[in-house]
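In the working numbering, the protein residues as written are 295 to 387.
Ideal Cβ positions, reconstructed from N, Cα and C, are used throughout, including at glycine.
These notes are about the structure you will find just below.
Okay, here's the thing in structure tokens:
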């Protein structure tokens, strides 16, 4: 089954402006290096809808943290940025 994405233009712009992460890089962690993708349920931010944190690496070895939800069987990215030190440690465990 193919992995599909649902992009919100406001979130795309925010991720680029704030963290210099574009949609292609976000998709790469789910598609290219998915064997090393780690996902965690984000209970703190899931009161309205279930949210998840994905930790993964792009084809250029950029370590990203991507917060997302699933809508209509599609990944909808909410926020994306470089991994924090704590997230890098969690990813490398």
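Within a Cβ cutoff of 8 Å, which residues of the same chain sit near residue i, ignoring the five residues on either side of it in sequence?
i, result
"residue 331", "323, 324, 348, 349, 350"
"residue 326", "352, 353"
"residue 377", "349, 357, 358, 359, 385"
Hey, could you find the ends of the beta strand (DSSP E) residue i is sitting in?
i, result
"residue 368", "368-376"
Would you tell me roughly how many angstroms separate the C-alpha atoms of residue i and residue j, rounded to the nearest one?
i, j, result
"residue 333", "residue 384", "11 Å"
Could you tell me how far apart the beta carbons of residue i and residue j are, in whole angstroms, since I believe they sit closer than 8 Å?
i, j, result
"residue 313", "residue 356", "Contact flag wrong, Cβ pair sits at about 11 Å."
"residue 336", "residue 307", "Not confirmed; about 22 Å, so no contact."
Excluding sequence positions up to five away, which residues of its chain have a Cβ less than 6 Å from the Cβ of residue i?
i, result
"residue 369", "299, 362"
Within the same chain, show all residues whose beta-carbon is closer than 7 Å to that of residue i, passing over the 5 residues directly before and after it, in chain order.
i, result
"residue 317", "301, 306"
"residue 315", "309, 358, 374, 375"
Just to confirm the assignment, what range does the alpha helix (DSSP H) spanning residue i have?
i, result
"residue 307", "303-313"
(request) Would you check if there are 3 or more beta carbon pairs closer than 8 Å linking the stretch 297-312 to the stretch 364-380? (result) In short, these stretches touch, since the Cβ pair count reaches three.
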